[in-house]
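Peer 1: Right, I'll just put the structure down here and ask away after.
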């Protein structure tokens, strides 16, 4: 991964883009060599695209095709083209509601990261907060991980925790987890941009310790 | 569960009894109505029995029988007899290396608790620290839970966390988890003794909030 210059990020999102905004703020506040090169969404009216436009960041809608939960082959090829043309080093999934399995993962092998609203390996997949509430855990959190072919199964880069309260609903719990996400996602990207994250199989280590 | 008077604890352990000592210290320091009525071990030479004798707490060895990982039927009946004779309200597993499936669980239904060195549902069963290191998680912890017929699958009472460090071994990680255990196991027992823990299916809630 290129680290001598700025790490060029391509952010994929379908929703409100709060993680995108947190990452953008962290970059603006300085301290690590990264820049957001492009924001792509599968939803034309998504808030993340509006935010990107307001921030004068290159933003693109690409029709995902006919599937409900993944990109079709032609769409995935367009994502790869756009990301490649934008010179993206690291693909950052930020609330992107499509499973990636094909060309994008092979084109950006080991360079796609995601954030998940649980302490993986607990509660992978959809509705992580509901899963956590149903199981009755007292602690949950968020996980930044490399994306592989599985569901939320890639090597873990960073995790942090928050309490589950007795009267939590999925909404109140997710609000609290979002606060964790907005800290650790920028911190994980900063660590990658500084060349500190070393991946060895499914384990990652830090070459230097700069606590998130 | 009797809460008007002191909650009578029966502690089962096979090892060093550090959780037993933490529980005993917490009781001696006061603040919650509980007492340790009896300590039972399946290992005659176990350190937990030595500690109990030194503290003048009734301590008993009961031969577990011929199985390697569980109690045989006659042995389990002896455990039930001793616990019942000692007037035990709550059976506290503290490093007890035998699976309970039979008479003990039915005799003390909903009144057997255990502590596990992970944030369940991640890494149940043996070698939880090795499992956590192999998976590459950055956060783990300990879980106090009710014991049911499954492996570390009962309703969760309390959890707390600790960091996994890049250079952790199973031994260094377990040391750090033990520090967590020695806080939350007494805290969970205190909450039960005060009648604060309400179990509803696989969820537990606290009637009053006294943070661990």
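Protein chains in written order, with our numbering: chain A, 1 to 212; chain B, 1001 to 1212. A virtual CB, placed ideally from N, CA and C, is assigned to each residue, including glycine. Remember, it's a predicted structure, so these values are computed and weren't measured experimentally.
For residue 1169 of chain B, does the three-state DSSP call read helix, strand or coil?
Peer 2: It is coil, neither helix nor strand.
Peer 1: Got a sec? Which residues, its chain only, sit under 8 Å from residue 138 of chain A by beta carbon, not counting five neighbours each side?
Peer 2: Contacts found: 163, 164.
Peer 1: Leaving out the 5 sequence neighbours to the left and right, which residues in its chain are closer than 6 Å to residue 1190 of chain B when beta-carbon positions are compared?
Peer 2: Excluding sequence neighbours, residue 1190 of chain B sits near 1032.
Peer 1: Residue 1161 of chain B: which of B:1178, B:1155, B:1169, B:1151 sits nearest, CA to CA?
Peer 2: Looking at the Cα atoms, B:1178 is the closest of the given residues.
Peer 1: Tell me whether the beta-carbon of residue 132 of chain A lies closer than 8 Å to the beta-carbon of residue 118 of chain A.
Peer 2: For residue 132 of chain A and residue 118 of chain A, yes; Cβs fall inside 8 Å.
Peer 1: In the structure shown, what three-state DSSP assignment does residue 1177 of chain B receive?
Peer 2: Helix at residue 1177 of chain B.
Peer 1: Identify each residue in the stretch 1165-1178 of chain B for which the Cβ-Cβ distance to at least one residue of chain A is less than 8 Å, and report them in chain order.
Peer 2: Answer set for the stretch 1165-1178 of chain B: 1166.
Peer 1: Rounded to the nearest angstrom, what separates residue 1195 of chain B and residue 1136 of chain B at their Cα positions?
Peer 2: Near 38 Å, if we compare the C-alpha coordinates of residue 1136 of chain B and residue 1195 of chain B.
Peer 1: Give a yes or no on whether the C-beta atoms belonging to residue 1022 of chain B and residue 1186 of chain B are separated by under 8 Å.
Peer 2: Contact: yes.
Peer 1: Output the distance between the C-alpha atoms of residue 1012 of chain B and residue 1176 of chain B, rounded to the nearest integer angstrom.
Peer 2: In a straight line, the C-alpha of residue 1012 of chain B is about 22 Å away from that of residue 1176 of chain B.
Peer 1: For a contact defined as C-beta to C-beta under 9 Å, what are the partners of residue 1101 of chain B on chain A?
Peer 2: Result: empty, since nearest Cβ-Cβ is about 22 Å, beyond 9 Å.
Peer 1: Say yes only if the C-beta of residue 16 of chain A is nearer than 7 Å to one or more non-hydrogen atoms of the ligand FMN, and no if none qualify.
Peer 2: Ligands displayed in this structure: none; no statement on the ligand FMN is therefore possible.
Peer 1: Which residues in the same chain as residue 116 of chain A place their Cβ atom closer than 6 Å to its Cβ, once the five residues preceding and following it in sequence are excluded?
Peer 2: The residues are 143, 152.
Peer 1: If you pair each beta-carbon of the stretch 98-107 of chain A with each one of the stretch 1092-1107 of chain B, do three or more pairs fall below 8 Å?
Peer 2: No: the two stretches stay apart, fewer than three of their Cβ pairs being nearer than 8 Å.
Peer 1: Report buried or exposed for residue 211 of chain A, applying the criterion of at least 16 other Cβ atoms within 10 angstroms of its Cβ.
Peer 2: Since pLDDT at residue 211 of chain A reaches only 47, below the 50 mark, its modelled position is unreliable, and the value read off the structure follows with that caveat. Looking at its Cβ environment, which holds fewer than 16 other Cβ atoms inside 10 Å, residue 211 of chain A is exposed.
Peer 1: Please report the distance separating the alpha-carbon of residue 10 of chain A from that of residue 159 of chain A.
Peer 2: Between residue 10 of chain A and residue 159 of chain A, the C-alpha separation is close to 22 Å.
Peer 1: Name, please, each residue of chain B whose Cβ falls closer than 8 Å to the Cβ of residue 60 of chain A.
Peer 2: Ordered by position in chain B, no residue passes the 8 Å Cβ test against residue 60 of chain A, which lies about 33 Å from the chain.
Peer 1: Please list, in chain order, the chain B residues whose beta carbon lies closer than 8 Å to that of residue 10 of chain A.
Peer 2: The premise fails here: residue 10 of chain A is roughly 25 Å from chain B at the closest Cβ pair, so nothing lies under 8 Å.
Peer 1: Is it the case that the Cβ atoms of residue 1111 of chain B and residue 1090 of chain B are separated by a distance below 8 Å?
Peer 2: It is a contact, given that the beta carbons lie within the stated cut-off.
Peer 1: Identify whether residue 204 of chain A lies in helix, strand or coil by the three-state DSSP scheme.
Peer 2: It is a strand residue.
Peer 1: Runs of 3 residues minimum, wholly inside the stretch 1-73 of chain A: which ones carry the beta strand (DSSP E) assignment?
Peer 2: If we require 3 residues or more, the beta strand (DSSP E) runs fully inside the stretch 1-73 of chain A come out as 7-12, 34-41, 59-61.
Peer 1: Give a yes or no on whether 8 Å exceeds the smallest Cβ distance from residue 1127 of chain B to chain A.
Peer 2: Closer than 8 Å: no.
Peer 1: What are the start and end residues of the alpha helix (DSSP H) that includes residue 134 of chain A?
Peer 2: Unbroken alpha helix (DSSP H) run through residue 134 of chain A: 128-135.
Peer 1: What's the C-alpha gap between residue 173 of chain A and residue 25 of chain A?
Peer 2: Spanning the two alpha carbons is a distance of roughly 24 Å.
Peer 1: Looking at the structure shown, is residue 1103 of chain B part of a helix, part of a strand, or coil, going by DSSP?
Peer 2: Three-state result, residue 1103 of chain B: helix.
Peer 1: Is it the case that the Cβ atoms of residue 41 of chain A and residue 14 of chain A are separated by a distance below 8 Å?
Peer 2: Cβ atoms of residue 41 of chain A and residue 14 of chain A: closer than 8 Å.
Peer 1: Which residue's Cα is closest to the Cα of residue 1093 of chain B: B:1016, B:1130, B:1169, B:1129?
Peer 2: The option with the nearest alpha carbon to residue 1093 of chain B is B:1016.
Peer 1: Measure from the alpha carbon of residue 148 of chain A to the alpha carbon of each residue in A:7, A:105, A:184, A:125, then state which is nearest.
Peer 2: Comparing Cα positions, the closest option is A:105.
Peer 1: So if I threshold CB-CB distances at 7 Å, which residues from the stretch 105-128 of chain A count as touching chain B?
Peer 2: Here the close residues are 119, 121, 122.
Peer 1: Determine the direct distance from the alpha carbon of residue 1039 of chain B to that of residue 1003 of chain B, and round the result to whole angstroms.
Peer 2: In this prediction, residue 1003 of chain B scores a pLDDT of 45, lower than 50, which makes its location untrustworthy; no coordinate-derived value is stated.
Peer 1: Could you tell me if residue 75 of chain A is buried or exposed, where buried requires 16 or more neighbouring beta carbons within 10 angstroms of its beta carbon?
Peer 2: Buried, since its Cβ has 16 or more Cβ neighbours within 10 Å.
Peer 1: Is residue 1080 of chain B helix, strand or coil by DSSP?
Peer 2: It is helical.
Peer 1: Kindly list, in the order they appear in chain A, the residues whose Cβ is closer than 8 Å to that of residue 1139 of chain B.
Peer 2: Result: 119, 141, 159, 160, 161.
Peer 1: For residue 84 of chain A, count neighbouring C-beta atoms within 10 Å of its own C-beta (all shown protein chains included) and say buried if the count is 16 or more, exposed if not.
Peer 2: Residue 84 of chain A is exposed by the Cβ-count criterion.
Peer 1: Name, going along the chain, the residues of the stretch 176-206 of chain A whose beta-carbon falls closer than 7 Å to a beta-carbon of chain B.
Peer 2: Per Cβ criterion, the list reads 202, 203, 204, 205, 206.
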